[in-house]
Amino acid sequence: MMRVFALMSLLVVSLTAAAQRPRVTKATVFTDADGTVLSRQAYRNKLQTNQFVTDKAQIANAVITSISLRPAPAPDSVRTQAVSPARAYLTPAPAFTLTDINGQSYSLAALRGKVVVLNFWFIKCGVCQQEMPALKQLASDYRANPAVVFISFARDEAERLRRYIASKGDFGFAVLPLPPALAQEFGIEGYPTTAVLDRSGRYTYDKEGYVGNLRYLRQAIEHALR
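Mapped onto the UniProt record's numbering, the consecutive letters of the sequence shown carry residue numbers 1 to 226.
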């Protein structure tokens, strides 16, 4: 069964999480990596630097009683870690030939020789929507580089995606409806998921969620371009 990925840190940012998910309350204690107690805002500010990640969340009766920080892992270690065995480092990505919502065809074979950034999302994924502006900016930064291609795979049907893009504005990269069978081949279970393929079509980056993604993603692209 598909699950929608929800990072613990997002629970800190959003206090409107569903009742069945662990939630932050006024009594939640936030601590730094060295154990120093932080205010909720200070904790949030540190997370947004992308130099820290959440650690050691204590949960009781669906309430986060305490949560701390730890230093974010080094970019190289993040780049080579895979969330799914299907996307293990330097494993070839599954072949695909699909048409985007504008009728343009894309295939993995035709993209050989290029660095390909793949983003997996769907319309009702709030976290995915939060990530889109930053991804759009990153795609814009590489627009002049023909060796880098951004493609997004969305779980929604083409017509619905066309209406959504028309209302939100162009993302700046291709939007392709994702067939369920191909999602399984990619090993996608959480959203958003972002992967980078090297010039040979092999995975060189794999990340679920958006916290820290843009920091590591740019470095992963640059590494794949070498």
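Just so you know, even glycine gets a beta-carbon here, dropped at the ideal spot from N, CA and C.
Requested in this report: Identify which residue in S200, L90 and I64 has its Cα closest to the Cα of T25.
Outcome: The closest CA to that of T25, considering only S200, L90 and I64, is found on I64.
Query - Pair within 8 Å by beta-carbon distance, I59 and F120 - result: No, these two residues do not count as a Cβ contact at 8 Å.
**Report entry** Contact check, I101 vs L161, beta carbons under 8 Å
**Finding:** At the C-beta level, I101 and L161 come within 8 Å of one another.
Query raised in the report: Taking DSSP as the reference, what is the three-state secondary structure of R155?
Result: Coil at R155, not helix or strand.
Query raised in the report: If you compare alpha carbons, which of P133, I221 and E131 is closest to V148?
Result: Comparing C-alpha distances from V148 to each of P133, I221 and E131 shows the shortest one belongs to I221.
Query raised in the report: Can you tell me whether DSSP reads P177 as helix, strand or coil?
Result: DSSP places P177 in the strand class (E or B) of the three-state scheme.
**Report entry** As assigned by DSSP and simplified to three states, the class of F186
**Finding:** Helix, per DSSP.
Query raised in the report: Exposed or buried, which one is D170 when buried takes at least 16 other CB atoms within 10 Å?
Result: With fewer than 16 other Cβ atoms within 10 Å, it is exposed.
Report task. Taking N119 as part of the beta strand (DSSP E), name the residues at either end of that continuous run. Result -> Start and end: V115 to W121.
Query raised in the report: Would DSSP call Y216 helix, strand or coil?
Result: Correct three-state label for Y216: helix.
Query - Inter-residue Cα distance where the pair is A166 and R44 - result: Spanning the two alpha carbons is a distance of roughly 33 Å.
Query raised in the report: To the nearest angstrom, how far is it from the Cα of T31 to the Cα of T49?
Result: About 16 Å.
Query raised in the report: What number of angstroms, rounded off, separates the C-alpha of S107 from the C-alpha of P94?
Result: Rounded to the nearest angstrom, the two C-alpha atoms are 10 Å apart.
Query raised in the report: Which value, in whole angstroms, describes the spacing of the CA atoms of R87 and K114?
Result: Rounded to whole angstroms, R87 and K114 show a C-alpha spacing of 18 Å.
Query raised in the report: So what does F52 bridge to, in DSSP terms?
Result: Answer is P71.
Query raised in the report: Taking Cβ to Cβ, would you say I151 is nearer than 8 Å to V116?
Result: For I151 and V116, yes; Cβs fall inside 8 Å.
Query raised in the report: Between Y173 and A139, which are expected to be in contact by the criterion C-beta below 8 Å, what is the C-beta distance as a whole number of angstroms?
Result: As written in the sequence, residue 173 is Phe, which differs from the Tyr given in the question. At roughly 5 Å, the Cβ-Cβ gap stays under 8 Å, so F173 and A139 are in contact.
Query raised in the report: Going by other Cβ atoms of all chains shown within 10 Å of its Cβ, with 16 needed for buried, is V83 buried or exposed?
Result: V83 comes out buried.
Requested in this report: Could you tell me whether the Cβ atoms of Y89 and T204 are closer together than 8 Å?
Outcome: Yes. Within cutoff.
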